[in-house]
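Student: Residue numbers (this note's numbering), protein chains in the order written: chain A, 96 to 816; chain B, 760 to 938; chain C, 6 to 333.
For every residue, glycine included, the Cβ atom is placed at its ideal position computed from N, Cα and C.
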Amino acid sequence: MGDKQFIKSVCKACHGGCGVIITVENGVVTYLEGDPESITRGTMCAKGLASIQHINHPDRLKYPFKRAGERGEGKWERVSWDEALETITGKMKELIEKHGPNAICNSQGTGRGYNRYTVRLGNSIGTGNRGIGSSHICYFPRLRAFEATFGFNRLYCDYHGWGGEYPKTQISWGKQIEYSSSDGEMAVWFFEALKHAKNLILVDPRATSIANKANLWLQIRPGTDAALALGMMNVIINENLHDREFVANWTHGFDKLKERVQEYPPAKVEEITWIPKEKIVKAARMFAIDTPGVIQTGESLDASNNSTSNGRSIMCLMAITGNVERPGSMMNWIHPACGPMAAFGFEIFDNIKPENIEKAIGSDKHRFLDYGRCHTETVLRQLREGNCDLKMLHQHGGNFLFSLANTQNVRKALLNLEFLSVADQFMSAMCEIADVVLPVAHWLEEEDLWNTHPGFCTRAVNKAIDPPGEAWTTPKIYFEIGRRVAPKFWPWNSVEEMLDYQLRKADITWKEFSKLGHLSTTGKDQKYYKHKTDYWVKGGGFPTATGKVELYSTALEKAGYDPLPSHIEPGESYYSTPEVAKEYPLLLSTGGRIPYHFHTQYTNLPWIRELQPYPLVQIHPDTAKEYGIEEGDWVWIETKRGRIRQKAKMFSGMDPRLVVVQASFCYWEKQGPERVLPSNANVLTSDDGPFDGPAGSVNMRALLCKIYKMEEGDDTQVSFS
Amino acid sequence: MTRKSVFRDPAQCMNCKTCIIACKLKHMFPPHNTTGAAADPKGVNLIQVYHVDPEISGDNVHQPFVSIACMHCEDAPCIKVCPSSAILKDSETHITLVDQERCIGCKACLWVCPYGAPSFNEDGKLVLCDLCIDRLREGKKTACEAACPASAIYVASPEEISELRARKAVERIAGGKME
Amino acid sequence: MAFISFIEGPLLWFSFLFFAAGIVTRFIFFSFVIIKSSKPRNPGWSNTLVSFLRLFLPFHMAVIKKPVYAALRYLFHICLFVVPIWLAGHIALWEESRFDWTWGTLSDEWADWMTLLFLFIAAYLFIRRVILSGIRTESKKEDLLLIIITALPFLTGYFYAHGTLDSIAFLGDNIGTIHILSGELMLIMVAFLFCRTRLNREMCTGCAACELSCPTGTLEFRDEGRNRIFSYLLYQCISCGACVNTCPEKAAELRHEIDILRLFRPTSRETIRSVELKECEQCNGLYAPGPLMRKIENVGLKITDDYIQFCPKCRRSNYLERIRVSTR
Ligand code: SF4
Ligand code: SF4
Ligand code: SF4
Ligand code: SF4
Ligand code: SF4
Ligand code: SF4
């Protein structure tokens with residue numbers, strides 16, 4: 096073996112960040128394995144390990160392309176990077192000139208550690224419409240709810256025992272952390288902490304794999320999470336089980352909350368959530384008595400028209416049980432010396448003129464959107480109607496045709512954009528309708544900084560091999576666009592200088608950091624009970640208007656929303672739309688995730704596709720019998736918006752009325768509508784409201800549908816409307 | 760090296776299929792460089808992970824996830840039936856190994872394996888889990904054990920494994936999932 | 006005599022031409038079939054060619070599996086070619102012919118001994134075919150005829166050269182004619198002579214390892230209904246012996262056969278073996294070939310556990326069930 100190198104890096108196959116050792120032989124990646132010395136102790140997941148097939152995939156985009164025919168016609172002309180970037184930035188400048196910066200939006204897909212570049216680019220352009228996409232249905236409603244409650248934007252579960260205590264009661268709420276380490280903690284930490292836990296409560300419509308380990312499974316009706324949290328608080332407060340010391344000293348509005356929870360006695364909550372009231376009472380007592388406890392929350396709370404209340408009610412539950420900043424409870428971690436990476440994006444927020452922020456589309460109705468973003472559904476509607484201020488979108492990663500509600504409408508809207516440029520690794524369905532397509536490097540091919548989600552560790556993504564063809568790394572693409580449109584904010588001479596700049600606070604250069612691998616604040620470096628110190632507020636307290644945890648949110652009150660959490664029925668349900676339920680008698684959730692897929696990503700890798708060649712819809716065996724469906728049959732799932740087909744998989748661990756379709760299944764091997772529409776769950780979802788007040792979220796996890804077996808030959812051609 | 764045995768814990772496993780990909784990666788099983796279309800040739804899976812439909816009684820949900828690969832049986836029936844002596848036991852570790860040169864693809868081993876573990880490559884030759892014997896020799900964990908986020912796979916001496924199994928059984932009988 | 010001159014003249018030429026034309030036709034058909042043969046796992050042309058050439062190498066696995074038989078077979082074929090070509094008497098005829106060809110000769114003593122050896126082996130093969138039941142059931146009448154037709158020119162030639170039968174009047178006069186006629190018959194027969202694979206009904210377990218090893222896709226099997234059916238495409242076979250080498254039961258054999266009809270049907274497959282499949286006692290699905298399972302159960306392998314009666318799928322679900330119950 097001539098030349099065998101071992102390179103330490105960080106996997107970015109999900110948001111995750113498992114430590115990885117890459118074996119490179121003669122310029123070829125030959126092996127990947129978890130780094131036992133890293134914070135993830137050598138574990139990895141199927142997605143990360145399959146990356147080796149990702150980098151060598153024959154369909155990788157290798158060169159920039161410019162559209163040669165009509166939008167979506169599939170005719171491309173290879174261009175140089177200069178020409179591609181000039182086209183994009185030229186268009187940006189032209190539109191700023193003509194309509195002002197709000198005509199431009201730059202956005203991204205899921206957060207693979209480059210969010211800060213997207214944010215900085217938007218800020219440096221000065222646009223108030225800094226992004227559309229799925230942030231309002233994933234993660235950001237929770238973040239904004241944290242902010243509205245605690246004043247800072249996130250508490251994480253303390254699985255680490257650095258304060259000498261592990262969580263005694265764990266709640267996993269609408270999340271499969273065992274599969275998905277996105278947006279927070281890593282599975283391996285969860286499993287380790289579980290060894291120390293006394294109780295595990297699972298809140299999920301389905302018996303997910305950790306239901307085995309749970310000693311209480313609350314089988315909730317999708318979309319009623321706030322009601323459950325309020326019901327649990329009802330029990331805790333009425334039985335006087337709350338942490339009286341914490342509530343008295345550190346919270347604001349407990350009395351008002353107490354009043355509100357009286358509207359949610361367990362019996363009523365049982366009606367709403369379909370969970371037996373005994374279980375609600377049991378769970379509430381468990382969580383209040385066996386402290387400390389943590390609550391792991393998932394994305395399904397956000398894809399709801401009650402997202403802010405979902406998040407806020409759970410946060411109130413954390414607060415009244417004193418599970419804040421206590422060892423083994425919910426923590427806000429201290430960042431290492433280099434500071435939070437996100438600062439790179441937010442530090443120039445002031446560059447956006449206040450009037451542009453005010454004009455952000457949809458922000459008049461929804462004041463708690465992802466920091467300064469516009470409201471996606473409103474933008475898309477305006478685009479379809481042709482009266483939108485937003486003219487151009489530059490998109491990095493992501494695929495709105497799969498991630499946003501009502502695919503047909505999304506596509507129509509995107510076609511009405513004056514200009515669309517997309518950077519991606521594959522010719523995705525969104526690239527297909529773009530004007531310019533840019534090829535992006537894979538994480539094995541790039542150098543970047545990466546912030547562990549909980550923030551206590553910043554790590555080096557080291558390059559193992561060169562990108563294929565002319566693909567560029569993400570930082571480089573942003574840097575090159577940035578310095579063309581807003582050189583003031585992208586003053587560096589090279590990407591490396593830009594990385595050095597981001598590390599300046601730690602007084603370390605990228606080169607040194609790359610060798611070092613990480614900067615962490617773990618163990619004794621972390622401080623608990625920060626609200627009793629000057630950490631946030633001099634003299635102690637939380638950085639809210641009242642200096643306390645706002646059970647009664649003054650920020651929401653000021654913006655004209657209900658300052659207390661409440662239950663709002665999903666936009667489509669047996670109770671809110673009984674007339675729809677007559678024709679569509681089953682409850683539909685689009686939350687089905689496969690551990691080795693990340694949305695549409697990785698379904699085109701041979702190893703992964705082999706594990707599951709077709710999308711699966713989970714149906715209760717009783718229901719299936721009623722409809723004459725058997726395991727493995729193709730099934731049509733139909734809602735008012737359209738229908739899709741998936742293969743039936745019997746699963747008795749859920750309510751017989753519930754049907755769970757697999758989200759985002761992309762037929763990469765096909766073209767045009769056949770690639771996007773046949774099994775895409777978002778063909779079924781509604782983009783037509785109701786929306787969550789503050790966060791603008793749309794309900795995607797609790798809909799009504801009907802199912803029927805696909806007859807032979809009924810796999811009719813689909814087409815874009 | 761001492762004798763080796765493997766235990767895949769159905770109570771820990773959570774069906775993430777990481778072990779399958781880790782194994783494919785370790786052995787670099789084909790297909791490679793294809794587009795991943797459903798019609799692409801199927802590769803070799805040494806591990807299968809199965810889901811047992813949940814059984815719900817009270818607060819208790821019982822749905823083990825069982826990952827099955829070659830168990831390296833003590834008195835392996837596959838070795839007894841192989842007409843071309845293509846399967847053998849490693850003298851040191853008692854790991855069941857395959858000599859693919861000799862295998863003629865008669866599948867007799869598949870028809871006698873109690874677990875249906877044998878899989879066949881595109882040449883029709885038997886491929887079995889070799890417990891990553893090269894990694895074990897280097898003192899490393901097997902690829903699947905190292906990658907499993909739920910610590911559901913254990914490779915150790917038969918004594919340690921039976922002790923572990925016994926301990927797990929006791930834990931289970933003690934009724935303590937978490938309590 | 007007109008008859009004798011016809012036999013020595015036009016008929017002889019006809020036989021030679023027929024022989025040559027047969028070979029050429031066969032070669033064309035063969036090439037055609039081989040080129041468009043569609044083995045899913047094509048081992049590559051060079052591999053196929055090597056397998057083909059192995060046909061001429063005496064020392065492959067078949068020798069080890071049935072050493073005596075293999076040795077006799079090779080001796081038989083050597084004599085079959087060497088004696089007629091290098092026999093002094095035949096060469097004299099070529100010299101006299103209009104071609105005026107000649108080449109080295111075999112000493113008469115050698116020729117005699119080789120002829121006797123040849124006849125002896127032929128007799129052995131003939132008797133073996135009649136007596137050994139396994140082979141008999143596989144043999145058709147034509148197979149015996151084949152040996153007789155092959156042996157006849159040698160027998161008559163020997164008599165002719167030594168005058169052994171001169172005392173019998175008719176034979177004494179006509180032995181030369183008979184010798185030539187039988188030689189011509191043999192030449193004509195060669196055009197219809199194929200070397201083909203047989204799967205011995207009593208020994209074959211239906212495991213299909215032979216199918217896997219066949220480089221050309223000549224042997225194929227499909228599980229149809231309750232049976233596993235092996236089919237064979239005569240023209241595609243390159244007589245490489247891979248199937249013979251592979252078969253763990255010594256059940257595959259390469260043997261000559263006269264087949265007049267198939268000469269003109271280069272692409273037709275024939276079914277050569279059908280094995281019943283074993284039914285799973287749990288799900289009633291068919292899984293493994295029956296004879297193989299019987300062998301596994303019976304031949305002292307001491308695998309008598311019940312699970313053997315279940316298909317791998319059911320074994321797995323039983324295992325899952327055991328786990329489900331034991332971990333409850
Ligand atoms: S990696 Fe571990 S948890 Fe995942 S499927 Fe395999 S054994 Fe189960
Ligand atoms: S292949 Fe089957 S029978 Fe052979 S050792 Fe492995 S598990 Fe046992
Ligand atoms: S398939 Fe190969 S290893 Fe298995 S019994 Fe047959 S020859 Fe032996
Ligand atoms: S031990 Fe190695 S060969 Fe066996 S299943 Fe695990 S990774 Fe595959
Ligand atoms: S290899 Fe032998 S036993 Fe197996 S099917 Fe072929 S002839 Fe029969
Ligand atoms: S049938 Fe047998 S002899 Fe004929 S080509 Fe196939 S392996 Fe060779």
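On the DSSP letters alone, give me the boundaries of the alpha helix (DSSP H) that Cys552 of chain A sits inside.
Tutor: As a first step, residue 552 of chain A is located in the first sequence; it is residue number 457 there, counting from the start. Looking at the DSSP string, Cys552 of chain A is not in any alpha helix (DSSP H); the run it does join, the beta strand (DSSP E), is Cys552 to Val556.
Student: Kindly list the residues whose CB is nearer than 8 Å to the CB of Met208 of chain C, restricted to its own chain and excluding five residues on each side of it in sequence; keep chain order.
Tutor: Position 203 of the third sequence, counting from 1, holds the residue named residue 208 of chain C. Excluding sequence neighbours, Met208 of chain C sits near Gly139, Glu254, Lys255 and Ala256.
Student: Taking only the alpha-carbon atoms, compute the straight-line gap between Val886 of chain B and Phe879 of chain B and give it to the nearest angstrom.
Tutor: Looking up residue 886 of chain B in the second sequence gives position 127. Looking up residue 879 of chain B in the second sequence gives position 120. The alpha-carbon atoms of Val886 of chain B and Phe879 of chain B are separated by roughly 5 Å.
Student: Could you confirm whether any beta carbon from chain C is found closer than 8 Å to the beta carbon of His853 of chain B?
Tutor: If you number the second sequence from 1, residue 853 of chain B lands on position 94. Not one chain C Cβ lies under 8 Å of His853 of chain B.
Student: Could you compute how far the alpha carbon of Met96 of chain A sits from the alpha carbon of Tyr126 of chain A?
Tutor: Taking the first sequence and counting its residues from 1, one reaches residue 96 of chain A at position 1. Taking the first sequence and counting its residues from 1, one reaches residue 126 of chain A at position 31. Note that Met96 of chain A scores a pLDDT of 49, beneath 50, so its modelled location is shaky and nothing firm can be said.
Student: Taking any Cβ of chain C, which residues in the stretch 866–893 of chain B have a Cβ under 8 Å from it, in chain order?
Tutor: Within the stretch 866–893 of chain B, the qualifying residues are Lys866, Ala867, Leu869, Trp870, Val871, Cys872, Pro873, Tyr874, Gly875, Glu881, Asp882 and Gly883.
Student: So, does the stretch 566–579 of chain A touch the stretch 535–544 of chain A, judging by three or more C-beta pairs under 8 Å?
Tutor: They touch, by the three-pair rule.
Student: Cβ-heavy atom distance between Glu254 of chain C and ligand 5 below 7 Å?
Tutor: The residue given as residue 254 of chain C occupies position 249 in the third sequence. Within the cutoff, so yes.
Student: Measure the CB-CB distance between Gln265 of chain A and Leu295 of chain A and report whether it falls below 8 Å.
Tutor: Here residue 265 of chain A refers to the residue found at position 170 when the first sequence is read from its first residue. Here residue 295 of chain A refers to the residue found at position 200 when the first sequence is read from its first residue. Yes, Cβ-Cβ distance for Gln265 of chain A and Leu295 of chain A is below 8 Å.
Student: Use the C-beta contact count for Gly808 of chain A: other C-beta atoms within 10 angstroms, 16 or more gives buried, fewer gives exposed.
Tutor: In the first sequence, the residue the question calls residue 808 of chain A occupies position 713. Result: exposed.
Student: Might you give, ordered along the chain, the residues of its own chain that have their beta carbon closer than 8 Å to the beta carbon of Val38 of chain C, omitting 5 neighbours on each side?
Tutor: As a first step, residue 38 of chain C is located in the third sequence; it is residue number 33 there, counting from the start. Contacts found: Leu238, Tyr240, Gln241, Pro271 and Thr272.
Student: DSSP has Glu128 of chain A in a bridge; who is on the other side?
Tutor: Position 33 of the first sequence, counted from the first residue, corresponds to residue 128 of chain A. Per DSSP, A:Ile116.
Student: So, does the CB of Glu938 of chain B fall closer than 8 Å to a CB anywhere in chain C?
Tutor: On the second sequence, position 179 is the one that residue 938 of chain B refers to. Low local confidence applies: a pLDDT of 39 at Glu938 of chain B is under 50, so the model's placement there is unreliable, with the coordinate-based value given in what follows. Taking Cβ atoms only, chain C never reaches closer than 8 Å to Glu938 of chain B, which makes this a no.
Student: What are the partner residues of Tyr251 of chain A, as DSSP defines its beta bridges?
Tutor: Within the first sequence, residue 251 of chain A is the residue found at index 156, counting from 1. Answer is A:Met426.
Student: I need the straight-line Cα distance from Trp345 of chain A to Gly259 of chain A, nearest angstrom please.
Tutor: In the first sequence, counting from the first residue as 1, residue 345 of chain A sits at position 250. In the first sequence, counting from the first residue as 1, residue 259 of chain A sits at position 164. Cα to Cα, Trp345 of chain A sits roughly 23 Å from Gly259 of chain A.
Student: Considering only the beta carbon of each residue, do Lys625 of chain A and Glu420 of chain A sit closer than 8 Å?
Tutor: The sequence position of residue 625 of chain A within the first sequence is 530, counting from 1. The sequence position of residue 420 of chain A within the first sequence is 325, counting from 1. Their beta carbons are under 8 Å apart, which means Lys625 of chain A touches Glu420 of chain A by this criterion.
Student: Taking Cβ-Cβ distances shorter than 7 Å, what residues in chain B pair up with Leu750 of chain A?
Tutor: In the first sequence, residue 750 of chain A corresponds to position 655, counting from 1. According to the sequence as given, residue 750 of chain A is Asp; it is not Leu. Those do not exist, as Asp750 of chain A stays about 11 Å from chain B at its closest Cβ, beyond 7 Å.
Student: As a quick check of your reading: which residues have a C-beta less than 6 Å from at least one non-hydrogen atom of ligand 4, in chain order?
Tutor: Qualifying residues come out as B:Ala781, B:Cys782, B:Lys785, B:Leu805, B:Ile806, B:Ala828, B:Cys888, B:Asp889, B:Leu890, B:Cys891, B:Thr901, B:Ala902 and B:Cys903.
Student: Helix, strand or coil for Gly58 of chain A, going by three-state DSSP, please let me know.
Tutor: Past the edges of chain A, shown from 96 to 816, lies residue 58 of chain A, and the structure says nothing about it.
Student: Quick check on Asn446 of chain A: does DSSP put it in helix, strand or coil?
Tutor: Residue mapping note: residue 446 of chain A aligns to position 351 of the first sequence, counting from 1. Helix, per DSSP.
Student: For Ile185 of chain C and Cys865 of chain B, I'd like the C-alpha separation in whole angstroms.
Tutor: Stepping through the third sequence from its first residue, residue 185 of chain C is reached at position 180. Stepping through the second sequence from its first residue, residue 865 of chain B is reached at position 106. Near 49 Å, if we compare the C-alpha coordinates of Cys865 of chain B and Ile185 of chain C.
Student: Need the endpoints of the alpha helix (DSSP H) that Asn232 of chain C sits in, please.
Tutor: Position 227 of the third sequence, counted from the first residue, corresponds to residue 232 of chain C. First-last for Asn232 of chain C: Asn232 to Leu238, but that is the beta strand (DSSP E), not the alpha helix (DSSP H).
Student: Report the neighbours of Gly864 of chain B on chain C: residues whose CB is nearer than 7 Å to its CB, in chain order.
Tutor: Indexing the second sequence from 1 puts residue 864 of chain B at position 105. Residues of chain C passing the Cβ test: Ala214 and Leu217.
Student: Comparing the C-beta of Val811 of chain B with each C-beta of chain C, is any distance below 8 Å?
Tutor: Taking the first residue of the second sequence as 1, we reach residue 811 of chain B at position 52. With 8 Å as the cut-off, Val811 of chain B counts as an interface residue toward chain C.
Student: Ligand 6 and Ile863 of chain B: does the residue's C-beta get closer than 7 Å to at least one heavy atom of that ligand?
Tutor: As a first step, residue 863 of chain B is located in the second sequence; it is residue number 104 there, counting from the start. Ile863 of chain B: no, Cβ never under 7 Å from ligand 6.
Student: Is Met298 of chain C close to chain B? Criterion is C-beta to C-beta, closer than 8 Å.
Tutor: Against the third sequence, residue 298 of chain C aligns to sequence position 293. True, the Cβ-Cβ gap to chain B drops below 8 Å.
Student: Does the Cβ of Thr99 of chain C have 16 or more other Cβ atoms within 10 Å, making it buried, or fewer, making it exposed?
Tutor: Reading the third sequence from its first residue, position 94 is the one you call residue 99 of chain C. It is Trp, not Thr, that sits at residue 99 of chain C in the sequence shown. Exposed, since its Cβ has fewer than 16 Cβ neighbours within 10 Å.
Student: For Thr761 of chain B, count neighbouring C-beta atoms within 10 Å of its own C-beta (all shown protein chains included) and say buried if the count is 16 or more, exposed if not.
Tutor: One-based indexing of the second sequence puts residue 761 of chain B at position 2. Its Cβ having fewer than 16 others within 10 Å, Thr761 of chain B is exposed.
Student: Can you find a CB in chain B that lies within less than 8 Å of the CB of Phe286 of chain A?
Tutor: Locating residue 286 of chain A in the first sequence gives position 191, counting from the first residue. So yes, Phe286 of chain A belongs to the interface.
Student: Can you find at least 3 beta carbon pairs, one from the stretch 395–404 of chain A and one from the stretch 785–794 of chain A, that sit closer than 8 Å?
Tutor: Verdict: yes, contact present.
Student: For ligand 6, is there any heavy atom lying closer than 7 Å to the beta carbon of Pro159 of chain A?
Tutor: By one-based count along the first sequence, residue 159 of chain A stands at place 64. The answer is no for Pro159 of chain A.
Student: Taking 7 Å as the cut-off, is the beta-carbon of Met830 of chain B closer than that to any non-hydrogen atom of ligand 2?
Tutor: Indexing the second sequence from 1 puts residue 830 of chain B at position 71. Yes, the Cβ of Met830 of chain B comes within 7 Å of a heavy atom of ligand 2.
Student: Mind checking whether Thr855 of chain B and His821 of chain B have CB atoms under 8 Å apart?
Tutor: One-based indexing of the second sequence puts residue 855 of chain B at position 96. One-based indexing of the second sequence puts residue 821 of chain B at position 62. For Thr855 of chain B and His821 of chain B, no; Cβs fall outside 8 Å.
Student: So, Gln713 of chain A versus Ile689 of chain A, is the Cβ gap smaller than 8 Å?
Tutor: Your numbering for residue 713 of chain A matches position 618 in the first sequence. Your numbering for residue 689 of chain A matches position 594 in the first sequence. Result no, Cβ atoms of Gln713 of chain A and Ile689 of chain A do not sit closer than 8 Å.
Student: Looking at the C-beta of Ala770 of chain B, does it have a partner C-beta in chain C at a distance below 8 Å?
Tutor: Locating residue 770 of chain B in the second sequence gives position 11, counting from the first residue. Chain C, which has a Cβ nearer than 8 Å to the Cβ of Ala770 of chain B, makes this yes.
Student: Return the CA-CA distance between Met937 of chain B and Cys907 of chain B, expressed in angstroms with no decimal places.
Tutor: The sequence position of residue 937 of chain B within the second sequence is 178, counting from 1. The sequence position of residue 907 of chain B within the second sequence is 148, counting from 1. Confidence in Met937 of chain B is poor, its pLDDT being 41 and thus under 50, which makes the residue's placement too unreliable to answer from.
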